[in-house]
Structure formats: structure tokens, C-alpha cells
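Just so you know, the sequences run in chain order C and B.
The numbering of the first sequence is this note's numbering, which starts it at 120 and goes up by one.
The numbering of the second sequence is this note's numbering, which starts it at 307 and goes up by one.
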Amino acid sequence: MAMAGSEQNKIPQPLWLLCELTYACPLQCPYCSNPVEMAKVKNEIATDDWIRVLREARKMGATQLGFSGGEPLTRPDLEELIAEARQLGFYTNLITSGIGMDEKRIKAFKKAGLDHIQVSFQASTEDLNNLIAGTDAFEHKKEMARLVKKYGYPMVLCFVLHRRNEDQIRDILDLCVALEADYVELATTQYYGWAYHNREQLLPTKAQLAHAEIVAKEYQEKLEGKMKIYYVIPDYFEDRPKKCMDGWGKVFLTITPEGTALPCHAARQLPGLEFPNVKDHSVDWIWNESPDFQKYRGLGWMKEPCLSCDEKEKDLGGCRCQAYMLTGDATNADPVCSKSPYHSKITDLVDRVDELAGTPELEEKPMVFRNMKNSREIIKKKSSETA
Amino acid sequence: MLKDETDKAIGPDVIPTFASTHRLQWEEAQDCHVILYPEGMVKLNPTSAEILQQCDGEKDVKTIIEDLQKKYSGADLEEDILKFLEVAHGNGWIRTK
Numbered sequence: 120m121a122m123a124g125s126e127q128n129k130i131p132q133p134l135w136l137l138c139e140l141t142y143a144c145p146l147q148c149p150y151c152s153n154p155v156e157m158a159k160v161k162n163e164i165a166t167d168d169w170i171r172v173l174r175e176a177r178k179m180g181a182t183q184l185g186f187s188g189g190e191p192l193t194r195p196d197l198e199e200l201i202a203e204a205r206q207l208g209f210y211t212n213l214i215t216s217g218i219g220m221d222e223k224r225i226k227a228f229k230k231a232g233l234d235h236i237q238v239s240f241q242a243s244t245e246d247l248n249n250l251i252a253g254t255d256a257f258e259h260k261k262e263m264a265r266l267v268k269k270y271g272y273p274m275v276l277c278f279v280l281h282r283r284n285e286d287q288i289r290d291i292l293d294l295c296v297a298l299e300a301d302y303v304e305l306a307t308t309q310y311y312g313w314a315y316h317n318r319e320q321l322l323p324t325k326a327q328l329a330h331a332e333i334v335a336k337e338y339q340e341k342l343e344g345k346m347k348i349y350y351v352i353p354d355y356f357e358d359r360p361k362k363c364m365d366g367w368g369k370v371f372l373t374i375t376p377e378g379t380a381l382p383c384h385a386a387r388q389l390p391g392l393e394f395p396n397v398k399d400h401s402v403d404w405i406w407n408e409s410p411d412f413q414k415y416r417g418l419g420w421m422k423e424p425c426l427s428c429d430e431k432e433k434d435l436g437g438c439r440c441q442a443y444m445l446t447g448d449a450t451n452a453d454p455v456c457s458k459s460p461y462h463s464k465i466t467d468l469v470d471r472v473d474e475l476a477g478t479p480e481l482e483e484k485p486m487v488f489r490n491m492k493n494s495r496e497i498i499k500k501k502s503s504e505t506a
Numbered sequence: 307m308l309k310d311e312t313d314k315a316i317g318p319d320v321i322p323t324f325a326s327t328h329r330l331q332w333e334e335a336q337d338c339h340v341i342l343y344p345e346g347m348v349k350l351n352p353t354s355a356e357i358l359q360q361c362d363g364e365k366d367v368k369t370i371i372e373d374l375q376k377k378y379s380g381a382d383l384e385e386d387i388l389k390f391l392e393v394a395h396g397n398g399w400i401r402t403k
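Below, the structure is given as C-alpha cells:
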């Protein structure tokens, strides 16, 4: 027993708990990271289940807590969950589109002890913002950003970048300055979930990226110490993968709306996982004992070219989901890596977008918006393909 | 904005306040004080935590240095404290007036 105990102590405990409270959302962003098969999820777990998750994860040392979704504001128990989280000592982040929020609720969140509200924008102009969001949201978002400031929250604005808005980067940053943001996340679209489905429609050109990088750097220098600007080059344009989630089962724990525990919010698509649910198991067991959280922890699962690679500790072979989506095998190297035999799957796509950007073949291809109707259609199509 | 034009550069007469947009707390699991901010955490060594706890919006830098030097039996801490406060201000952990 002493042996088992000391072994367990070597597993780093979760620091980050992401609670995806719901898949319901009034927006329809075509790059949403929620699973395209989200319509399969019928039952959200109850307030009591969430409260138990919060207590157990906090006891293990989790400090940062994200309430996201879907749109977390659609949960009527959000205030109650915030109050519990704050009382437990979590730093509570609300990750929201701002739709469903008003001054009364912002005030109630503050009273409950919410630390931070991150408002996402889709673009710097009303037309494009509303087109991408699939709803009329831009003016309301700006109003919410002002109220976030008024109530003394640190203000983080998040813009997801892709080919349709990448060239607006200067306007985006000027909007952030006008709204007096403290932090700006220029979040590159990650090609999972709906974004993977729409990747030809969303992937930027190399010229767009080069321009965005220059402008981001210019503003980073200009606003140093005043506004922190996070900008990361999308990994499709790199030749080494990112250390995904900082390691499988190392820092992050995601709980989905129906209570499934995942090492990252995209992992649900991976084959061979058992998807432990917080209704059946403790968070401690899930993190330290469950087969899912052991599966890609450390280096033991690796094969070539990762196995003999001298950079394997640095990036841990990249992202398991990206490896699975692009090579069909989650134990392969992330094909972002130029050492992967599948690297051309990425470079071919980047080259194709570069060649065809601006032509009807690419630009007139409709985006598949994230909504339950489209999700049901995708599920139907997939089941008829496998039948 | 984490800072604006009203923020003064760190000096003996400046009054620092721990930023209301950040949280300073003891973390049992980390066995140290930490600064928490949107989606981030910085672990602090005991000295840094102690300096930040002095940034109450009332004491000026001069007094903070005197108090801490008294506490640590007259050790010369001035340079270290000034340097740390500059880093803290640069990161937006404290505001100054």
C-alpha cells in the first residue's frame, strides 16, 4: 500500500478544472470546440453533482476554474456554482459570449464572488461579428464589456482568428484599447470540433498570418505593461507540435455537460476511451486511477518517430486528437511535426488554402454553423456511413 | 488597462496597492502563496509574498522597506525590495499612486 501511495504521489494533481456546464448556446460559431455530435447529449448533470466535483477537485489542489459551455449563462444555477467555487478558494473564470447577461446578473456574479469574466468577440465590425456568431450580438457584447469594467472585474477579451477576420487584427486591437481591456487573447482557431469540419473555410493564408504577427507584435510593444496581448502562431503553420494541454492528465481536467471527465475538451472523439463519469466515480479516482487518464500520460504509449526523438520530453509528441483526426491513430506523432510521415496532410491543406483563397471554389463553400440541427444531420450522416 | 498614465514609477514616496484585479492567497497544495489572475497563477517565494502583503494602499515604499528591514534585524533589503516592486508593477500585480 505504501508503494502504491508513493507512486500516486508522483502523478501531478490537476490545477485547472474546466466545467462545460452545457452545450446550449445562442451563438452558432463555426469554429466552436464543442463536439460536432453534441446533439447526442441529452441530460446535463445537476447542481449537486457540479458542487461535488468542485469540492473534490479543490481538495486535490485545483485552483483555476473555468465555467464554459456552450453558453454557461443558460444555466440558472450559475450564481450558486460561482458562490460555492469562490467559497472553496477557486479563482473563478466565466467564459462567455455575453449573450444572456445583463447588469443585474453581472452584479449578482460579483456578489457571489466571481473573479473574472472573459467576453468573446467574433470580429471587430458588426456585420462580420454577427455573420460569424449567427446572431445579432455585437452591440450587446460591447455593452457587456463596458459593464465588466464598471464592476471591477479584470477584463479579458477573446477574439478567435481565422481567414475571415484575420485582416481585421488592427481594428480588433483598437477596439480592445477603446474598451480598456486588461488582457487580449488573439486565439487562433484550433482545428477540432466544428472548426475541423470547417477548416478549409477558416484556415488563414500564410500572408495573412505574417501580417497578423507583425501587427500583434507592434501592439504588444506599444502597450507593454498596460494591456497583455496573447498571440500564438497556429500550429498548422509550425513544424513542431505544441505540448498539448501541457501533458495528458497533467494539469487540465474537463467535465462535460453530462458529467464525462476528459483530459482535454477535444478528447471525446478518441477511440478506446471509457469516459468515466463523475456520477459514477470520484474526481480523485478518475484522475489518479482511471484507465483514460493513464492512457497517454507520460511517454510509455509512444512509438516512432517520437520514441527515439530527443524532443519527446519537450512536446510529448503533440496532440493525441490531432494525431487521430489526421492519421487515424492517436499514438502517432502529431502530424504538425515535420518528422511525422503524415506531415504533408497539414502542409498540403495550408498550400491549398494559399492557392485558392479568394477564389469561389474556397470562399463560396458554405460554413457549417454550430447548432443542434446541423449536429443531428452530421450524426445521421456518420451513422449511415458506418451502417 | 492593467496600468494607466496615473501610475507612478516605483520610488521611495510612491504608495503601492495590490491590484484589485489579482488575488493573493495561500495555496496548501503548492505550499506557498500564489497570485491568481485570469487563467493564470504565479507561485511566490516567502519574501515576495511578504512584500506584496505590505502593498495595502496606505504605506509608501520607504515605510515598507523600513518595516521589513526592522523585522529582519536591520538587514539591507532596499535594493531587493525596489527591484521586486518594479517587476510586480511591470506585471500589473500592483498599482501605484
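Ideal Cβ placement from N, Cα and C applies to all residues, glycine included.
The Cβ neighbour count for C:E285, taken over all protein chains shown within 10 Å, is at least 16; the residue is labelled buried. Residues of chain C whose Cβ lies closer than 7 Å to the Cβ of B:Y343 are, in chain order, P273. The closest CA to that of C:D293, considering only C:K269, C:P273, C:A158, C:S243, is found on C:S243. Buried is the label assigned to C:D301, since at least 16 other Cβ atoms lie within 10 Å of its Cβ. In the three-state scheme derived from DSSP, where H, G and I count as helix and E and B as strand, C:L321 is classed as helix.
Only residues of its own chain outside the window of five on either side were considered, and among them G312, R387, Q388 have a CB closer than 7 Å to the CB of C:P154, listed in chain order.
Between C:V334 and C:V172, the C-beta spacing is not below 8 Å. Around the C-beta of C:N162, fewer than 16 other C-beta atoms lie within 10 Å, and the residue is accordingly described as exposed. Remark: three or more beta-carbon pairs, one from each stretch, lie closer than 8 Å, so the region 243-258 of chain C and the region 270-284 of chain C are flagged as touching. Taking a Cβ-Cβ cut-off of 9 Å, B:T323 has no neighbours in chain C, whose nearest Cβ is about 13 Å from it.
Distance check between C:Q339 and each of C:I251, C:E304, C:D429 places C:E304 closest, using alpha-carbon atoms only.
Ranked by how close their Cα comes to the Cα of B:Y343, the residues C:S401, C:T193, C:I170, C:N212 have C:N212 in first place. Taking 8 Å as the Cβ-Cβ cut-off, the region 217-250 of chain C approaches chain B at D234, H235, Q237, given in chain order. In the three-state reduction of the DSSP assignment, C:C363 falls in the helix class, which pools H, G and I. At a cut-off of 8 Å between beta-carbon atoms, B:R329 makes contact with chain C. Residue B:A335 holds the alpha-carbon nearest to the alpha-carbon of C:Q183 among B:A335, B:K376, B:K365. The bridge partners DSSP lists for C:C144 come to none. Within chain C, the C-beta atoms nearer than 7 Å to that of B:L308 come from D301, G344, K345, M346, K347, in chain order.
For B:C338, the enclosing beta strand (DSSP E) begins and ends at 338-343. The Cβ-Cβ distance between C:D473 and C:K325 falls below 8 Å. Under the three-state reduction of DSSP output, C:Y302 falls in the strand class. Within chain B, the residues whose beta carbon sits less than 7 Å from that of C:Y210 are R329, L342, listed in sequence order. The beta-carbon separation of B:D319 and B:D366, rounded to 6 Å, stays under the 8 Å limit for a contact. For C:K268, same chain residues with a beta-carbon under 7 Å away, outside a window of 5 residues either side, are M274, E299 in chain order. In the same chain as B:I341, and ignoring 5 residues on each side of it, the C-beta atoms closer than 8 Å to its own belong to H328, R329, L330, M347, V348, L350, L358, W399, in chain order.
C:M179 and B:D373 have their C-alpha atoms some 37 Å from each other. Beta bridge pairing from DSSP links C:S187 with C:E139. In this structure, DSSP gives C:R194 a state outside helix and strand, which the three-state scheme calls coil. Listed along chain C are T182, each with a C-beta nearer than 7 Å to that of B:E333. Counting the other Cβ atoms within 10 Å of the Cβ of B:A315 gives fewer than 16, which makes it exposed. Close CB contacts of C:Y443 within its chain, under the 6 Å cut and outside five residues either way in sequence, are with L389, A449 (chain order).
Annotation for B:G346: the continuous beta strand (DSSP E) segment containing it runs 346-349. Straight-line measurement puts the Cα of B:G380 at about 46 Å from the Cα of C:G366. Distance from C:L134 to C:V370 at the Cβ level is roughly 5 Å; contact confirmed, criterion being Cβ atoms closer than 8 Å. It is roughly 9 Å from the alpha-carbon of C:K484 to the alpha-carbon of C:N317. The beta carbon of C:I288 lies closer than 8 Å to those of L280, L305, H330, A331, V334, A335 in the same chain, with the five residues before and after it left out.
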